[in-house]
Each structure stands twice: as structure tokens, then as C-alpha cells.
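Numbering-wise, our numbering puts 34 at position 38 of the sequence shown, and it's gapless, one number per residue. Note that beta-carbon positions come from the ideal geometry of N, C-alpha and C, so glycine has one too. Nothing here was measured: the structure is a model prediction, and the numbers come from that model. Comments concern the structure below.
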Amino acid sequence: MTWRTAAAIVGIGVALTLLANARMAHIDRATPVSTLVNEISAAALSIDPTERGNAHRCSLIDAYTQIFPDPDWWQGGPNHRTALDEFMLDRHGWPFCDPTLLTHPSQ
């Protein structure tokens, strides 16, 4: 084995270690709110027009609104609900959450 091969192996090992450390640091910073926001983002970008998809999106935005209920705050749940509805209507043709499509067990 030449010194260049050994240096390449060490370099790859260092790079992989740094990537693993960065990933672990990112996981350690995850909070319930950041996880919820990530799920909302994924739901807004996914294409699931089914009742189940709608129910999932509604539950996500309802959870976010419970955490941030203030309608006067720009990051409040009601403001995000409106913005997400506009985004989804423009992108997919349906709102982020359509409460009229929710089916309840009692119905």
C-alpha cells in the first residue's frame, strides 16, 4: 500500500466521521415542533388527495395551531393554515386541510 492510498483511506474515514457527527448533531437538535414542521412541509409537497391524506394534513395543522394559537402572530397556526391552503390550491387544486371532507366515526 502506498502512502497515497493510505492517505485516501484516512481522508475517506475522516469525511465519513464528520458526516456522521453532523447527522447526529442534527438529530439531537430535533424538537417536537421541528418534527411537526417537517411533517407539515412533507405533507404540503406530497400528492395525496384521498380522505386519509386530508385527515392527516388536518391533524398536522390542528396540532400546530394548538401549539401556536395566536392569529395575530405571523407564525400563528391560523396564518399558516391560510398560507398552506393557498399554496396547495395553487399547486394541486385542493386545500391543505378541507374540514368538510373529514369523516367522523359517529357519521
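Alpha-carbon spacing of residue i relative to residue j, whole angstroms
i       : j     : result
Ala39   : Ile57 : 10 Å
Thr1    : Asn34 : 41 Å
Ser102  : Asp81 : With a pLDDT of only 40 at Ser102, under the threshold of 50, the placement of this residue in the model should not be trusted, and no figure is reported.
Thr(-2) : Thr46 : 59 Å
Ile43   : Met84 : 10 Å
Asn75   : Cys54 : 14 Å
Trp90   : Leu14 : 42 Å
Ile63   : Gln71 : 11 Å
Endpoints, alpha helix (DSSP H) assigned at residue i
i     : result
Gln62 : Glu47 to Ile63
Option in the options with minimal Cα separation from residue i
i     : options                     : result
Phe92 : Gly9, Ala3, Ala11 and Arg48 : Arg48
Asn50 : Gln62, Ile36 and Thr61      : Ile36
His52 : Gly7, Ile5 and Asp94        : Asp94
Under 8 Å between C-beta atoms of residue i and residue j
i     : j     : result
Ala59 : Leu32 : yes
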